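Numbering (the working numbering), first residue to last: 458 to 787.
In structure tokens:
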């Protein structure tokens, strides 16, 4: 049976999901912040950030959150993490008992909360799921086989939302570890940013393999301290997403790192990329989390110092390579 779907957010991932859900036979309404995007979606069936993606003509876009959310059966929230709380406040009166599927990756800077904690704080009885994993929007739009993970405490949400999304080119795995899925999805962007810097410095695959492996160790240490299951980080939302974003310039976070490696300033990088760069938004937060939970995260610290303390990338690498000897599992 076809469902009414609300997608809150009209970026590349929001529209790729909208298109996928529409092709699966659902009725999809998308909320966009701008009139320009609304008209582009409704009149030309295009995405501003992926011009080659042609949207299903059944997709309707509105600038009115009430219009998008109130008659929906499910809500997919796909806005930049830093705007999550304020946007949710604008539509939470229309949620009622609808499940919300978080498709964004990040934390709230002021509170250091994961996104599911924000929703639950604003609306304690809301049913939450988090969708994450290795999934470039353009590849989903082009029907490239993709496997991602859906995490929720609610069995009915896992069952129903998986059925909404699964077909011959998208496979959904389930998890109860929503904290682990969120932490992995948020922190991998920072490691991808560092991978971009390494690529710009012409480091080879040895360095990339070391960065991915040690980056995963940092993510796992913090995640466990925050209450996650360590096994989650060796799955799709951890290792899978980390490998994807560190390995290709399709990742805006890796591209941002390359631009920093060229000597650009943060403001120049943000203008060049033209979309939210979650790694830059979340590096300060990751550093605060490492201090709050007393977790050693040398790669995160190096990225922070490059961005905010004028540390040269080559000096950051030297610092990381000459740290005190350790056992690998420490």
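Built from N, CA and C at the ideal position, the CB exists for glycine as well. Just so we're clear, the structure is a prediction, and the values are computed from it rather than from any experiment.
**Prompt:** Quick one, which of 640, 774, 691 and 762 has its alpha-carbon nearest residue 735's?
**Reply:** As a position in the chain shown, residue 735 is number 278, starting the count at 1. Ranking 640, 774, 691 and 762 by Cα distance to residue 735 puts 640 first.
**Asked** Since residue 552 contacts residue 580 with CB under 8 Å, what's their CB separation in whole angstroms?
**Response** Within the chain shown, residue 552 is the residue found at index 95, counting from 1. Within the chain shown, residue 580 is the residue found at index 123, counting from 1. 6 Å between Cβ atoms; contact.
**Asked** What are the partner residues of residue 488, as DSSP defines its beta bridges?
**Response** Here residue 488 is taken as the residue at index 31 of the chain shown, counted from 1. Paired residue(s): 465 and 519.
**Prompt:** Leaving out the 5 sequence neighbours to the left and right, which residues in its chain are closer than 7 Å to residue 655 when beta-carbon positions are compared?
**Reply:** In the chain shown, the residue the question calls residue 655 occupies position 198. 664, 665 and 668, listed in sequence order.
**Request:** Let me know the secondary structure DSSP gives residue 711 once reduced to three states.
**Result:** Within the chain shown, numbered from 1, the residue matching residue 711 stands at position 254. Of the three classes helix, strand and coil, the one that applies to residue 711 here is helix, per DSSP.
**Prompt:** DSSP three-state call for residue 529: helix, strand or coil?
**Reply:** Against the chain shown, residue 529 aligns to sequence position 72. Residue 529 falls in the coil class under three-state DSSP.
**Prompt:** Going by the CB atoms, is the gap between residue 500 and residue 459 shorter than 8 Å?
**Reply:** Reading the chain shown from its first residue, position 2 is the one you call residue 459. Reading the chain shown from its first residue, position 43 is the one you call residue 500. Taking 8 Å as the Cβ cut-off, residue 459 and residue 500 do not qualify as a contacting pair.
**Request:** Kindly identify the DSSP beta-bridge partner or partners of residue 624.
**Result:** Working through the chain shown from its first residue, we reach residue 624 at position 167. For residue 624, which the question treats as bridged, DSSP gives the partners 627.
**Prompt:** What residue range is occupied by the uninterrupted alpha helix (DSSP H) comprising residue 730?
**Reply:** Counted from its first residue, the chain shown places residue 730 at position 273. From DSSP, the alpha helix (DSSP H) with residue 730 extends over 723–730.
**Request:** May I have the straight-line CA-CA distance separating residue 746 from residue 539, to the nearest angstrom?
**Result:** Here residue 746 refers to the residue found at position 289 of the chain shown. Here residue 539 refers to the residue found at position 82 of the chain shown. Approximately 16 Å, taken between the alpha carbons.
**Endpoints, beta strand (DSSP E) assigned at residue 588** = Within the chain shown, numbered from 1, the residue matching residue 588 stands at position 131. Per DSSP, residue 588 is one residue of the beta strand (DSSP E) stretching across 585–589.
**Request:** Compare the Cα-Cα distances from residue 585 to each of 742, 769 and 571 and report the closest residue.
**Result:** Residue numbering aside, residue 585 sits at position 128 when the chain shown is read from its first letter. Comparing Cα positions, the closest option is 571.
**Item:** Chain-order list of residues whose beta-carbon lies under 8 Å from that of residue 715 (same chain, five-residue window excluded)
**Value:** Against the chain shown, residue 715 aligns to sequence position 258. Cβ neighbours of residue 715 beyond the five flanking positions: 653, 654, 656, 657 and 706.
**Item:** DSSP beta-bridge partners of residue 607
**Value:** If you number the chain shown from 1, residue 607 lands on position 150. According to DSSP, which records beta bridges pairwise, residue 607 is partnered with 588 and 631.
**Asked** Quick one: any contact between the stretch 511–521 and the stretch 542–561, if contact means 3 or more CB pairs under 8 Å?
**Response** no
**Asked** What three-state label does DSSP hand residue 801 in the structure shown?
**Response** The displayed coordinates of the chain run from 458 to 787. Any statement about residue 801 would go beyond what the structure contains.
**Prompt:** Residues in its own chain within less than 7 Å of residue 712 by CB, not counting five upstream and five downstream?
**Reply:** For this step, residue 712 is matched to residue 255 along the chain shown. Excluding residues within five positions, the ones whose Cβ falls inside 7 Å are 653, 706 and 730.
**Prompt:** Can you tell me where the alpha helix (DSSP H) with residue 507 in it begins and where it stops?
**Reply:** For the purposes of this step, residue 507 is identified with residue 50 of the chain shown, where counting begins at 1. Where residue 507 is concerned, there is no enclosing alpha helix (DSSP H), given that its DSSP letter is neither H nor E.
**Message:** What does the alpha-carbon distance come out to for the pair residue 486 and residue 533?
**Reply:** Position 29 of the chain shown holds residue 486. Position 76 of the chain shown holds residue 533. Those two C-alpha atoms are separated by around 10 Å.
**Message:** Just list the residues that DSSP pairs residue 571 with in beta bridges.
**Reply:** Position 114 of the chain shown holds residue 571. Residue 571 is bridged to 564.
**Request:** Output the boundary residues of the beta strand (DSSP E) element that contains residue 559.
**Result:** For the purposes of this step, residue 559 is identified with residue 102 of the chain shown, where counting begins at 1. Unbroken beta strand (DSSP E) run through residue 559: 557–559.
**6 Å Cβ shell around residue 738 - same chain, five flanking residues per side excluded** = For this step, residue 738 is matched to residue 281 along the chain shown. The residues are 539.
**Request:** Compare the Cα-Cα distances from residue 646 to each of 627, 623, 576 and 733 and report the closest residue.
**Result:** For the purposes of this step, residue 646 is identified with residue 189 of the chain shown, where counting begins at 1. Answer by Cα proximity: 733.
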